[in-house]
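Encoded as structure tokens, the structure appears first; notes follow it.
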Amino acid sequence: LLFLNDDTEVVSPDWIESLLACAQIPGAGVVGAKLLYPQGDVQHGGIFLVNQGAWARHAFRHLRHPENSYQGLLGVIRNCSAVTFACALVSRRLFEELGGLDEKLKVECNDVDFCLRALARGKRNIWTPFAVLVHHELVTRVKTHHPGDMAYFKNRWKKLLEQGDPYYNVNLSQDSDMYLPAGRLEP
42 LLFLNDDTEV VSPDWIESLL ACAQIPGAGV VGAKLLYPQG DVQHGGIFLV NQGAWARHAF
102 RHLRHPENSY QGLLGVIRNC SAVTFACALV SRRLFEELGG LDEKLKVECN DVDFCLRALA
162 RGKRNIWTPF AVLVHHELVT RVKTHHPGDM AYFKNRWKKL LEQGDPYYNV NLSQDSDMYL
222 PAGRLEP
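Numbering-wise, the sequence shown is residues 42 to 228 according to my numbering.
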């Protein structure tokens, strides 16, 4: 199943093939794409969990020069805790096994929740830089805030949020999307 927001625009011609190739990796859960803002900055390079402040962060959000990402992570296929469903691929079988998206989550967190349920089942969520799309975020819908979603999500995943993200180094900042050493200010 392909989840694709109506406010996305394909950049890489072989984007679907790139997603499908990753979906064939043994143990694949959800596969996500590299999303850019219209001006070219990175919008989504995978999602990592944090245990203070925000509950999760988009890796490298607003990075202007993707080639400068920490350890070149924006240039390699890699595992991450979650990906956004603005563009994501998941097998129908896994989607049905997990009972689909949790309808208790109206808008916020439903994609991350699904990815974490896949992770809990032993699947790995994969992000690929070879499927590239522009995400015109919130162009086709009104921004809404559902505080109940956040409370429900944080309660469900409290233990995992406290333990920390298995794909994110504990020595890196919880306050930055840029994989900076803890205590360092933004570049």
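Every residue gets a Cβ at the ideal spot worked out from N, C-alpha and C, and that includes glycine.
- Around the C-beta of V71, 16 or more other C-beta atoms lie within 10 Å, and the residue is accordingly described as buried.
- When the alpha-carbon of L157 is set against those of P170, D206 and A100, the nearest one is in D206.
- If one requires a minimum length of 4 residues, the alpha helix (DSSP H) runs lying completely within the region 111-173 are 133-138 and 151-161, in chain order.
- Here L43 is exposed: its Cβ has fewer than 16 other Cβ atoms, across all protein chains shown, within 10 Å.
- Bridge pairing for L221: absent [DSSP].
- The residue from Y208, S59, E178 and Q204 with its alpha-carbon nearest to that of D47 is E178.
- L90 is positioned such that its CB atom lies closer than 8 Å to that of S122.
- Take Y220, set aside five residues on each side of it, and the residues of its chain with a beta-carbon closer than 6 Å to its own are Y111 and L213, in chain order.
- The count of Cβ pairs closer than 8 Å, one atom from the region 53-62 and one from the region 81-90, stays below three, leaving the stretches out of contact.
- In the DSSP assignment, G73 forms a beta bridge with A129 and W168.
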